[in-house]
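See below for the structure under consideration.
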Amino acid sequence: MHHIAFRLALVIILVNNVLTNTNAQIQDAAIYGNVKDASTLSPLENANVIILQTSLGSITDFKGDFRITGIQNGIYTVQVSMTGYKTERKKVSVNNEISIEVNFILQQQVYNLDYINITAEKNPRNPMNNPFTEPISLEPAISKVTHDDILKQGAFTAVDAMNHVPGGLTETRGRKVKQFFSVRGQKYPYPDYAINGVWQKEFEELPYFFSASDIEEIEIIRSSAALLTTLSGLSGLINIKTREYTSPETTIDLEYGTFNSFHSHISTGNKIRRFGYATGIGLDRTSGPSGRHAKEAMADIYIRVNWQLTDKLNLNANLFYLNGERQMAIALPPADQKYLDMIQSFDPYKALLSNFQLNYRPNSILSSELQVFYSRRNPTFIDEVAETTSNEKDYEYGINFIQAVRIFPTNVLRFGVLYNHWIAPNGKRFYIGKRCDTETYSAVITDEQRMGPLILDAGLRITRTYLNEYAAFNIEGEGGKFRTVTPVTDEWEPALIQGSLGISYNITERFSAYINSAAGQVKPRAGILNEDLDEPLNENRFKIDLGIMQKFVRAGKLTLTTFGVFQNDAITLSGSTYLDTVTNIRRELYLNRDQNQWGVEFEILSPVLFGSVKPFFNLTVMQSKMEQDEDMVTNKENPVLISSGGIYGVWRNFDLNILGKYISSFENERFVNVADGPKPLGDFFVLDLNGGYTTKGKVPVRLYLRIKNLTDKIYSTVNGYPDFGRMVFAGIQVKFRKDQKYTSG
């Protein structure tokens, strides 16, 4: 291993020297230099560089570099401008046809219009700026929910914030995992989660507790081809990016509403030269509908620190802590009687997520990122009927490293390694009472080649897990065998291999076409069993996306994507259950079958119209097939049509945001008696409203009313767990900012 590392380092040094010497040999009469963002010191691409009072100029490349040739002796003023940044000028003197270097660092320009800050959008797909970023060929299949979207939608949790993502389906129920979010029918496993690009192995219970007030942006990769950030990239990825501040700001939120629901949150942050911080603390509670056993109370604390240690080294650290309780809502018909009789809860539920990232960029051809992470979840599960209590604590820690190398001016190679150690001392979720201790090792390599308007990318990830002790599988007979099951110890699991290939082509400055494909294996979610009480087989999955994207001049975009997901030995629910007589917990069983989904996604995000209205709309039409008696038949477990739309409106000091979502009918046998057959779900249109009034003055105060399920539509996404119906909330938000500018409306 040491020899490999030494040789790799030697190669990088040689490449660095070759490129440095090559650049040094260029001696033209010119003005050249680099343009960077002042807050991140990241290169700015497509900045306009001109020499005033001449016809000479240039545009910065993806490294932020520019070069203007054909300059005669004299004194000149060089101007650099870019949308969202303050224009900068510098005087230079050219003598004796010697090239002159002049570098620029641009400050972001903030416009305060009716208390809404508008800042420049950085280039998030530059692999040298962000080594862990996924390839640009995935662009049409990536959705972003911004902090401004979250405020307009009135979302309180990460799951709420994703409600209007194209093809998104949230399954809400009263089980240990309250909500599952999926896109394109990709389930078992569901999409992975990451916090600021740091992958989380166990996160299913947390998204609906993660406060949306602490979120800067959520990036959802709907395509199942994410390789760099996650190990289970073939299931999609949800990357939660937490708040960042560029100036002093403090926000206080208070809200009260239906079911004695109370929300409170305080967030604050600032950036002082090279040091930035963000912190938030919140408390949410609700009594839930009467007789449904749905009381919840959760407190959360969030802290983030960003420190530019030197021009080349940046440190980012994050901590999230959760403490509270949650009663699991009692099921209603048509759920099976065994679910109607369950009275269960988590009390307390505690969780700690922490990580820090170091990003080192010594020059324009090398960029490294190191991630170190530790997470701990400590829920106590209570079954009031069985009168049992069990602790389901687990923790994980690890390290993730990636190196980006610009081999040539148009080629970036990235390679990295990951180590994750996960331990559940008392078992977890499906397998309470049996210790689980696994170590996962993974390596990834990707390459991106630019050829003018054409960009090619390819990647490969290999993952292997070592079972120190694992007692979730190899169970024979009835649930009582859990008492004597022999754990799997000191054993390597087979390696999982995933690969991707993509092409993007910029037809014009704002119109692009994309192709992305991926193939590989998907491992069953830890602890699930098939009808033989053994671990299901690994799934083999192939997917492809073809899309076009049109960016509008001011803001917004239009995308059209066709997709296909083809699954061999797909992991899905069998409809059967069995009773674990040790824990008195009834467990769902799974099976392997072939299935596929293909469809079309359309999305339009409009710029602001008439100075006050910003609409959006998306539509996903999907056809699903599954194996049944050796034939491929229609899979009715997935809806055919999912559509969302809305209008964000503002007039003077008033704002009104209307959002709607439609999901066509689907069905399944989950939580019902299998003998009764599948039950219908979906087939609903839900309308939400969020409107308010913001006062004028040095400290703006927003008074608002929020209504969920305005028409009181009765619907379910999971058998036995219908929506709670119309809910009304009234709230107040107070913002304190430094040096605010106000308009008269």
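Residues in the sequence shown are numbered consecutively from 610, following the numbering used here.
Glycine included, every Cβ here is placed at the ideal spot set by N, Cα and C.
The structure displayed is predicted, hence computed values, not measured ones.
Check	Outcome
Neighbourhood of Y694 by C-beta, 7 angstroms cutoff - its chain only, sequence neighbours within 5 removed	L715, Q716, Q717, Q718 and A729
Beta-carbon contacts of N915 that lie in its chain and below 6 angstroms, excluding the five residues immediately before and after	G885 and N925
Proximity winner among E1078, A1128, Y1050 and V711, relative to P1103 (alpha-carbon distances)	Y1050
S1273 versus V1249, K1166, T696 and E978, residue with shortest Cα-Cα distance	V1249
Backbone CA spacing between G1068 and A1052 [nearest angstrom]	11 angstroms
Continuous alpha helix (DSSP H) stretch holding H756: start and end	H756 to Q762
Buried/exposed call for Q1176, threshold 16 Cβ in 10 Å	buried
Three CB pairs or more closer than 8 angstroms across the stretch 1160-1168 and the stretch 1212-1232	yes
Close beta carbons around K753, own chain, < 8 angstroms, minus the five adjacent residues each side	E826, I827, E828 and I829
Minimum C-alpha distance to W1207 - residue among I824, G776 and A995	G776
Residue range of the unbroken alpha helix (DSSP H) whose run includes L1296	That residue, L1296, is in no alpha helix (DSSP H); its beta strand (DSSP E) goes F1293 to T1303.
Proximity to L836 [Cα-Cα], best of G1258, F790 and G1108	G1108
Outcome for N630 when other beta-carbon atoms lying within 10 angstroms are tallied against a minimum of 16	For N630, the pLDDT reaches just 41, beneath the cut-off of 50, and the residue's location in the model is therefore unreliable, leaving the point undetermined.
Residues near T686 by beta carbon distance below 6 angstroms, same chain, minus five either side	L661, R698 and K700
Among Y1199, L967, F955 and Q1159, the one whose alpha carbon lies nearest that of D1143	Y1199
Bounding residues of the beta strand (DSSP E) (the contiguous stretch that carries A767)	Element bounds for A767: not the beta strand (DSSP E) but the alpha helix (DSSP H), A767 to A770.
Cut-off 6 angstroms between Cβ atoms - residues of its own chain near T839, not counting five sequence neighbours on either side	D801, W808 and L846
Separation of D1297 from L922, as counted between CA atoms	45 angstroms
Candidates Y1079, R1023 and R1044: closest to Q1058 by CA position	R1023
K1234 - containing beta strand (DSSP E), residue span	V1222 to Q1237
For A887, the residue or residues it bridges with in DSSP	G878 and R913
As assigned by DSSP and simplified to three states, the class of A821	helix
Per DSSP, cross-strand counterpart(s) of A1067	D1056 and L1110
Of the residues Y1028, M1158 and A887, the one placed nearest N1115, counting alpha carbons only	M1158
Helix, strand or coil at V994 [DSSP, three-state]	coil
Within 9 angstroms, strictly: CB atoms of T669 and L653	yes
Contact set for E913: own chain, Cβ-Cβ below 6 angstroms, skip 5 residues either direction	Reading off the sequence shown, one finds Arg at residue 913, where the question assumed Glu. These residues qualify, in order along the chain: T851, A887 and N927.
Which of helix, strand or coil DSSP assigns to Y799	coil
Local Cβ density within 10 Å of R1261, reported as buried at 16 or more and exposed below that	exposed
Euclidean distance between Cα positions of R782 and A906	17 angstroms
Classification of A1284 by the beta-carbon crowding that lies within 10 angstroms, buried from 16 upward	exposed
Cross-strand partners of D1143 (DSSP beta bridge)	Looking at the DSSP assignment, D1143 forms no beta bridge with any residue, so it has no partner.
Helix, strand or coil at E1001 according to DSSP, with G and I counted as helix	coil
Residues that H773 bridges to, as DSSP identifies them	Paired residues: none, contrary to the question.
Cβ neighbour criterion (16 or more within 10 Å) applied to F1294	exposed
Beta carbon of N1000 nearer than 9 angstroms to that of Y958	no
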